[in-house]
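Residue numbers for the sequence shown follow the numbering used here, so the first one is 351 and each next one is one higher.
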Amino acid sequence: MAIRLKEGFKNQIQYVIPQAVLGRVKNHPLLQSLMVTDIGWYPQARYHYRERDEGAAEHILIMCEAGSGWCNIDGQYHRVEASQALLIPKGHAHSYGAQEKTPWTIHWVHFTGSTGDYLIHLLPSTTQILPVDPVAAHNAAHLFQACYHTLEDGFSEQRLLYCAQVLHHLLGVVFFHNQYFSTGPPVTRPPSIETALQYLQENISHSLTLADIAHTAGLSVAHFSTLFKQQMSYSPLDYFIHIKIQRACFLLDTTTLSVREIGSQVGYEDPYYFSRIFRKVMGVPPRAYRQSRRTA
Numbered sequence: 351m352a353i354r355l356k357e358g359f360k361n362q363i364q365y366v367i368p369q370a371v372l373g374r375v376k377n378h379p380l381l382q383s384l385m386v387t388d389i390g391w392y393p394q395a396r397y398h399y400r401e402r403d404e405g406a407a408e409h410i411l412i413m414c415e416a417g418s419g420w421c422n423i424d425g426q427y428h429r430v431e432a433s434q435a436l437l438i439p440k441g442h443a444h445s446y447g448a449q450e451k452t453p454w455t456i457h458w459v460h461f462t463g464s465t466g467d468y469l470i471h472l473l474p475s476t477t478q479i480l481p482v483d484p485v486a487a488h489n490a491a492h493l494f495q496a497c498y499h500t501l502e503d504g505f506s507e508q509r510l511l512y513c514a515q516v517l518h519h520l521l522g523v524v525f526f527h528n529q530y531f532s533t534g535p536p537v538t539r540p541p542s543i544e545t546a547l548q549y550l551q552e553n554i555s556h557s558l559t560l561a562d563i564a565h566t567a568g569l570s571v572a573h574f575s576t577l578f579k580q581q582m583s584y585s586p587l588d589y590f591i592h593i594k595i596q597r598a599c600f601l602l603d604t605t606t607l608s609v610r611e612i613g614s615q616v617g618y619e620d621p622y623y624f625s626r627i628f629r630k631v632m633g634v635p636p637r638a639y640r641q642s643r644r645t646a
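Now the structure itself:
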């Protein structure tokens with residue numbers, strides 16, 4: 351029999367707001383529009399699996415930070431990759447879980463309210479999975495962390511109000527401040543750009559030149575650079591740097607690897623150069639970033 355786990359992952363974070371507490375605060379005007387009912391973080395959640403034949407009473411947002419997983423919503427199967435958001439509308443039969451060989455690391459939240467209902471209706475009719483650009487993914491992870499830290503000391507009305515406002519911001523990032531998703535008419539990327547994006551994700555641990563990336567896309571350097579910038583709002587190399595630093599942030603948050611080791615894993619053998627690039631993107635050097643996350 352296959353191993354299936356709902357929770358219990360090493361170093362996980364999980365807060366389930368008691369129903370008695372939710373019942374006392376649900377009529378507050380600021381919580382009628384958006385209210386967190388459950389929230390958490392599952393790192394490298396091997397064997398993770400959930401199934402709800404009748405759906406959930408709340409909408410669910412799952413942000414895949416690393417690794418991969420899958421979902422089945424109303425009989426439609428989708429793979430979920432790093433830097434993607436999965437939104438499951440309330441009341442829809444679903445199951446989801448981690449890929450066994452590359453188990454996902456996810457932030458997740460269950461929420462109710464009129465704002466949540468409205469945003470769910472903005473989803474494309476063909477999928478509940480949204481791509482999330484590196485900057486938006488990083489900002490969303492910080493907002494999840496803000497909720498975790500707030501709930502550490504209990505479920506007072508003030509703390510739940512704060513989490514509701516943070517969730518407003520988080521959903522705003524995913525839906526309205528995300529270079530990879532628009533609530534307007536869908537934009538189809540050329541296959542050459544999709545090929546390049548996959549190539550970059552697969553080579554985060556390597557150094558690539560613009561010529562390398564353009565060659566994979568089958569285009570000249572000049573044509574590829576122009577097309578990539580039009581589609582992604584970043585130059586190819588700037589985008590590559592951002593996803594490297596996003597991965598470095600994840601490793602700083604979740605491992606005890608040294609800055610040198612993390613730099614090497616994202617393609618920077620010179621730790622001083624890695625630190626300079628990290629500081630340029632994040633505003634602080636890697637050690638300061640790690641320390642701030644641990645003391646937040």
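No residue lacks a Cβ here, since even glycine has one placed at the ideal position from N, Cα and C.
Among the candidates the options, whose CA atom is the shortest distance from the CA of residue i?
{"i": "V485", "options": "S575, V524, F505 and R374", "result": "V524"}
{"i": "G425", "options": "Y589, T476, Q508 and G613", "result": "T476"}
{"i": "Y446", "options": "A432, I423, R637 and T462", "result": "I423"}
{"i": "P481", "options": "G568, F624 and M582", "result": "M582"}
{"i": "I363", "options": "R374, T559, Q394 and K376", "result": "Q394"}
{"i": "I470", "options": "R429, T452, Q551 and L521", "result": "L521"}
{"i": "A491", "options": "Y530, R637 and I389", "result": "I389"}
{"i": "P540", "options": "D467, K579 and F505", "result": "K579"}
{"i": "L601", "options": "R429, Y639, G373 and A561", "result": "Y639"}
{"i": "N361", "options": "S557, T462, Q515 and Y392", "result": "Y392"}
{"i": "N528", "options": "L587, D483 and R626", "result": "D483"}
{"i": "A432", "options": "P586, L547 and Q641", "result": "L547"}
{"i": "A443", "options": "V634, E507 and Y427", "result": "Y427"}
{"i": "R402", "options": "G441, F531, Q434 and R429", "result": "G441"}
{"i": "F624", "options": "Q641, Y498 and A598", "result": "A598"}
{"i": "A352", "options": "F359, Y399 and S557", "result": "Y399"}
{"i": "D588", "options": "Y618, E552 and I627", "result": "I627"}
Identify the continuous alpha helix (DSSP H) that holds residue i and give its terminal residues.
{"i": "G373", "result": "Q369 to V375"}
{"i": "L520", "result": "E507 to F526"}
{"i": "A416", "result": "Careful: A416 lies outside any alpha helix (DSSP H), inside the beta strand (DSSP E) at H409 to A416."}
{"i": "D620", "result": "Run containing D620: none; DSSP gives neither H nor E here."}
{"i": "Y530", "result": "Neither: Y530 is in no alpha helix (DSSP H) and is coded neither H nor E."}
{"i": "I554", "result": "Careful: I554 lies outside any alpha helix (DSSP H) and carries neither H nor E."}
{"i": "V571", "result": "V571 to M582"}
{"i": "A598", "result": "P586 to T604"}
Could you tell me which residues DSSP puts in a beta bridge with residue i?
{"i": "P481", "result": "Q434"}
{"i": "E401", "result": "S445"}
{"i": "H428", "result": "C421"}
{"i": "G390", "result": "Q364 and W458"}
{"i": "M385", "result": "T462"}
{"i": "L355", "result": "H398"}
Quick one: measure Cβ to Cβ for residue i and residue j, integer angstroms, because I've assumed they're closer than 8 angstroms.
{"i": "Y397", "j": "L355", "result": "5 angstroms"}
{"i": "L510", "j": "V366", "result": "The Cβ separation is near 13 angstroms, so there is no contact."}
{"i": "K594", "j": "I554", "result": "6 angstroms"}
{"i": "P621", "j": "V609", "result": "6 angstroms"}
{"i": "I438", "j": "Q478", "result": "6 angstroms"}
{"i": "T533", "j": "L472", "result": "5 angstroms"}
{"i": "L550", "j": "F590", "result": "5 angstroms"}
{"i": "F461", "j": "L372", "result": "Not confirmed; about 11 angstroms, so no contact."}
{"i": "G419", "j": "Q449", "result": "6 angstroms"}
{"i": "A487", "j": "Q369", "result": "A487 to Q369, Cβ: 32 angstroms. No contact."}
At which residues does the beta strand (DSSP E) containing residue i begin and terminate?
{"i": "T462", "result": "T455 to T462"}
Give a yes or no on whether 8 angstroms exceeds the smallest Cβ distance from residue i to chain B.
{"i": "I543", "result": "Protein chains in the displayed structure number just one, and chain B is not present."}
Below 8 angstroms, how does it come out for the stretch 595 to 614 and the stretch 570 to 586: are there three or more Cβ pairs, yes or no?
No, because fewer than three Cβ pairs between the stretch 595 to 614 and the stretch 570 to 586 fall closer than 8 angstroms, the two stretches do not touch.
Cβ contact (3+ pairs, closer than 8 angstroms) linking the stretch 397 to 417 and the stretch 373 to 383:
no
Are the stretch 557 to 566 and the stretch 591 to 608 touching, with three or more C-beta to C-beta distances below 8 angstroms?
no
The stretch 414 to 421 contacting the stretch 454 to 470, beta-carbon criterion three pairs below 8 angstroms
yes
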